[in-house]
Amino acid sequence: MIRRVVVTGLGAVSSLGNDLRTTWDGLVAGRSGIGLITLFDASAFRTKLAAEIKSLPDPGVPAPIRRRLSRTDVIGLAAAAEALADAGLDLSRENPERIGVVLGAGVSGLLDSERYFRTLLAEGPRAARPTLVLNHPPDQTTDRIAERWGLLGPRSTITTACSSSATSLGYAADLIRSGLCDVVVTGGADTLARLTHGGFNALRATDPDPCRPFDRGRKGMTVGEAAGILIFEEEERARRRRARIRGRFLGYGVTSDAHHMTQPEPTGEAGARTIRACLDDAGLNPGDVDYVNAHATATPQNDAAETAALKRALGARAKEIPVSAIKSMLGHCLCSAGAIEAVATVLTVETGVVPPTIRYENPDPDCDLDVVPNVARKARVRTALSSSFAFGGNSTVIAFGAV
Amino acid sequence: MRSAVITGVSAVTALGRDLEATRAALAAGKSAIAPVEGLDVPAGRPDHSPAARIGTFTTEPELPRSKARRLDRSSQYAVVAARQALASARYSMTGREERTGILLGTGSAGATPLVDFERQMALEGPESASPFLFPYTVSNAPASVVAIELQIRGPNVTITQKDPAAQNALLYARLLLEGRRADAILVGAADEWNLDYHLAYERIHATRTPNRPGFVLGEGAAFLLVEDEESARARGARVLARVASVVMRPAAVSPQLRQARPRRLEEAMRAALDEAGVPPSTVGLVHLSKNGVTETDAAEAFALSRLFSPMPRTAAVKDALGENPAIGAVQLALAADQLLRAPETGAVLVNAFGAGGNVLCAVLTEP
C-alpha cells in the first residue's frame, strides 16, 4: 500500500503576528513585517532593518523551563502548540513512538551565545555566564518539542542554511511514506542574531531599504525570523480519525548545485534540476503547476537565476502562472524560510488566495514572471511548488496539492 | 527496502589521518586525549578538561594547501575524508554526479569561523567582519565544500544532532536510496574542536576533569560510501558490509540531559537487531556509545548484559578519541572495515546515545 502524506495542522509565528491567522491575514493584505532592528544594536550596520517578531508568544511551559529557552525555542514551541491543536490530535490517545519531530534550524540559541562571547571579550571570563552557550546546538528546539509533548518517534534537525526547513519537510514525508512514523511535527524555527544579519551585510547581500523581490531595483534581502510548523500525517489514518485535511504533501526534490558557496548557478540549470526532481517525486508534469511560492530573496543574482530555473523546468508556462515572493513581507527567515513559506503555500492551495509580492514597482526583464504585484489574487490552485535555494548550493523544492 | 551496502570507508582522526592509521593506533591502545594547553589558552582555569584534538593538520595530498587555506577545520577534515572514502570504494564520479549524494552529520561545524566572525564584529565594528568567513559559520559548509570539490549533484543534506548525527544521517540515507533520489551517498560526519566552546563547557562542568567524570570533546571526520546494492554490483564494487538496520528510539527529556533508561537502550538495540534479522548470538562486536558519562555508560552496560549472553567483544573508541558526532562516523567506518577484514565477525552493533534522549543503533553485517 502506498502511504500518502497529508497536512492536518498548521502553526505560525512571524513578524506579521504570533499565530497562523494574523500571519496569513497579513500576507493576504500585503502587510510588511519589516522594521528597525530592536533585538541588538544595529546602528553601525549598513542595513538597520529586519522582519522581527514584535513580542514573544507564550511557549506554554512552566517558568523554570521557560527561563532556559532560547528565543527560537519559544517561537518553535508556540507554533507547534498551535499546529497540534489545529490538527485536533489528542496526544493522550496516540502512540508517541509513531510521532516524529523533524525541523530545520540553524541560529537556535545563538543570540544568547553572542551575549556570552561579547561579555567575554569586553569584561573577561569571570563576567561571562557560560550557560548562555548551552542553547547553541541547532537541534535544541527539536528536542524541546519532543520533550514538551512526550514524542518518541524518530527525530532530526536539518541545517542546510536557507533550505533547512524545506528539506526537513522532505525527511518528515519520507518517515511517513516508509512506515517509520504515522505523524511528524515538522517545519522549522529560526530567529535573528548579529551573526546572520552581519554576515549577509558583510557579503553586501542585504538591502539598506526593505527588500524588493523581482523588482529591477532590488539590492538584496532583509533578514527575518519565524516559526512555521506543519503536522504531516499518513492519509488513511487522518481520514479514519476524521481529521480536517488542509492539503497534500506531494513530493520533494533535493539536489546540490556544486557551483559556489555564496552564488547561485546563474543559468538556472541547477535550480531546474531541483524542480524536475520534485516533479518526478510528486508524479507531476510541468503543466500541472498552478502556483509557485518562490525563494526570491531579492538579491540581484538569486531572483534572476530562479526565474531562469523556472523557465527551464516549466517551459513557456512559467510566465503564465502566479509566482509570488512573500519574503517581501516576512523577510528572509533563513533556516525557517522554507517552513513559513510551506505554511503559506498550503493555505494558498486550501483557500485559492495567492499572497502578493509587495513593493514591486519596476519590472525586470531578467525576472519576467507574473509576480502577483502588490495585491493578493484569487486563483484556482490545485498544485503548488515552494522553492528554497541555499548558500552552499543546497537546493530543495517541495510540492503541495489540494485535497 | 532497497538493499544498502558499504563500498568505501575513511576516517580523519586525532590518532591518524586515515582509517588504517586510526585502526592501528586504537589496536595499539593509544589515546588522543591530552590536556588543553598552549599560548592561546588563558591562565588560571579552575578546572582542566582534556580534549582529543587533531592538532597540526595538512589536507595534502587530497586537497592543495592553496585551496584549504580559506576553509574551516571541519570542511578540511570532510574533504580529506570524502576523497579517501571514494578512493577506498574505487568510485569514479564521472557520469555519476547527479546520482551521487552527500549526507553529513555534525554537532557544531563552523564553530571557529563563527566565533572569529563574532570577534571581528565586536572588536572591529560590524562593517569590518570578513565576508569570506561568513559562509563557513554555517554547519552545511563542510558538505557543500565537498559537493563543490567532488562535483556531487545529488542530495546534499547536513543533519545536526548533539551526538548521534552520523547514525541519523545513515537512517536518512537509506530513505533517500529507497526513494531512488541517488544510487550512492557519502554518509558521515565532520566536526571541529573549538577552544572557546571547550572553555565554556569546562566552566559549566559538562566535561571530564582530573577530579570529575564526564565526556571529552573530540573532532574529526569519517565517511562511508553507501550504495544501492544493485548499482554497486553493476559497477563491480567490492562490498565491505551491509547496512542491515538503523533504528532511532529517543526519549523525551531535556535537551542537555545525558540520561538514559537501560530499558529504552535495550529496546533500541533489540529493535535494531530484529530489523536486521540478526540474533544476538551472531553479533561479533559492539561499538559502544560509552563516553565517560557515568550514568549513560552504566545504563548501556546494564542493557547489554540483558541482551547478550555471553557478551560479545566490545570497543570503546570514545575512550581514545573523545565524544563528537564525527567519532560516531568513525565507529561506523571501523565497523564496516572490521566486517571486511574478518567476515566471521558476522554482525556489528553500533550504539550512539546522545544528550536530549537521542538514542540510535545501527547494525552492519558481513555482505
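Residue numbers (the working numbering), protein chains in the order written: chain A, 1 to 403; chain B, 1 to 367. All C-beta atoms, glycine included, are put in the ideal place defined by N, C-alpha and C.
For the beta strand (DSSP E) holding residue i, just list the boundary residues, first then last.
i	result
B:ALA347	347-353
B:HIS287	283-287
B:VAL330	Per DSSP, B:VAL330 belongs to no beta strand (DSSP E); it is in the alpha helix (DSSP H), 325-341.
B:PHE223	220-228
B:ASN156	156-160
B:ILE185	184-191
A:VAL223	Looking at the DSSP string, A:VAL223 is not in any beta strand (DSSP E), and its letter there is neither H nor E.
B:THR106	100-106
A:VAL381	Careful: A:VAL381 lies outside any beta strand (DSSP E) and carries neither H nor E.
Could you give the residue range of the alpha helix (DSSP H) that holds residue i?
i	result
A:ARG71	71-87
B:HIS198	195-204
B:MET416	Since the first and last residues shown for chain B are 1 and 367, residue 416 of chain B lies out of range.
B:ARG73	73-88
A:LEU103	Per DSSP, A:LEU103 belongs to no alpha helix (DSSP H); it is in the beta strand (DSSP E), 99-104.
A:SER113	110-123
For residue i, would you say it is in contact with chain A, using Cβ-to-Cβ distances shorter than 8 angstroms as the test?
i	result
B:GLN76	no
B:GLU127	yes
B:LEU123	yes
B:LYS30	no
B:GLU192	no
B:ALA252	yes
B:LYS290	no
B:GLU230	no
B:THR158	yes
B:SER92	no
B:ILE148	yes
B:ASN140	yes
Please work out which residues of its chain come closer than 7 angstroms, Cβ to Cβ, to residue i, disregarding the five sequence neighbours upstream and downstream, and give them in chain order.
i	result
B:LEU288	GLU300, THR314, ALA315, ALA316, ASN351
B:GLU97	GLN151, ILE152, ARG153
A:THR262	LEU203, PHE391
A:ALA282	LEU250, GLY251, ALA399
A:PRO373	PRO356, THR357, TYR360
Whose C-beta lies closer than 6 angstroms to the C-beta of residue i among residues of the same chain, with five residues either side of it excluded?
i	result
A:LEU151	PRO96, ILE99, VAL101
A:ILE229	GLY11, ALA79, ALA80, ALA83, GLY187
B:LEU349	VAL283, VAL286, VAL363
B:PHE223	SER10, ALA81, ALA82, ALA85, LEU186, GLY188
B:ASP408	Nothing about residue 408 of chain B can be reported from this structure: the residues present for chain B run from 1 to 367 only.
Does residue i get closer than 8 angstroms to chain B when you measure Cβ to Cβ?
i	result
A:VAL343	no
A:SER336	no
A:GLN140	yes
A:ILE158	yes
A:SER178	yes
A:ASN302	no
A:ASN394	yes
A:ASN95	no
A:VAL133	yes
A:HIS295	no
A:ARG307	A small fix is needed here, since residue 307 of chain A is Thr in this sequence, not Arg. No, no contact with chain B.
A:THR262	yes
A:SER388	no
A:PRO190	Per the sequence shown, the amino acid found at residue 190 of chain A is Asp instead of Pro. No, A:ASP190 does not count as interfacial toward chain B.
A:LEU121	yes
Below 8 angstroms on the Cβ atoms is my contact criterion, and I expect residue i with residue j to pass it. Report the Cβ-Cβ distance as a whole number of Å.
i	j	result
B:VAL278	B:THR365	6 angstroms
B:SER309	B:ALA276	Actually they do not touch by this definition, with Cβ atoms about 19 angstroms apart.
B:ALA82	B:VAL146	5 angstroms
A:VAL354	A:ALA376	6 angstroms
B:LEU217	B:GLY357	In fact, because the Cβ distance is near 21 angstroms, the residues do not count as touching under 8 angstroms.
B:LYS162	A:ASP207	No, B:LYS162 and A:ASP207 are not in contact; Cβ-Cβ is about 36 angstroms, not under 8 angstroms.
A:SER387	A:ALA294	6 angstroms
B:ALA68	B:GLU192	Contact doesn't hold; Cβ gap of about 14 angstroms is too wide.
B:GLY105	B:PRO325	5 angstroms
Might you give, ordered along the chain, the residues of its own chain that have their beta carbon closer than 8 angstroms to the beta carbon of residue i, omitting 5 neighbours on each side?
i	result
A:VAL413	In the structure displayed, chain A extends from 1 to 403; residue 413 of chain A sits before or after that span and is not available.
A:ALA402	GLY247, ARG248, VAL349, GLU350, VAL381, ARG382, THR383
A:ASP364	PHE214, ASP215, ARG216, ARG218, ASP303, ALA304
A:ARG144	LEU69, ASP73, GLY76, LEU77
B:GLU62	VAL79, VAL80, ARG83, GLN84
* Taking only runs of the alpha helix (DSSP H) that begin and end inside the stretch 228-255 of chain A, which ones reach a length of at least 4 residues, in chain order? -> 235-240
* Which full runs of the alpha helix (DSSP H) of 4+ residues lie inside the stretch 307-338 of chain A, going along the chain? -> 327-330
* Secondary structure, alpha helix (DSSP H): runs of 4+ residues fully inside the stretch 338-366 of chain A -> none
* Jot down the residue ranges of each uninterrupted beta strand (DSSP E) in the stretch 174-201 of chain A, minimum 3 residues, whole runs only, in chain order. => 183-190
* To do: Counting only runs of 4+ residues fully inside the stretch 9-54 of chain B, write out the alpha helix (DSSP H) ranges in chain order.
  => 19-27
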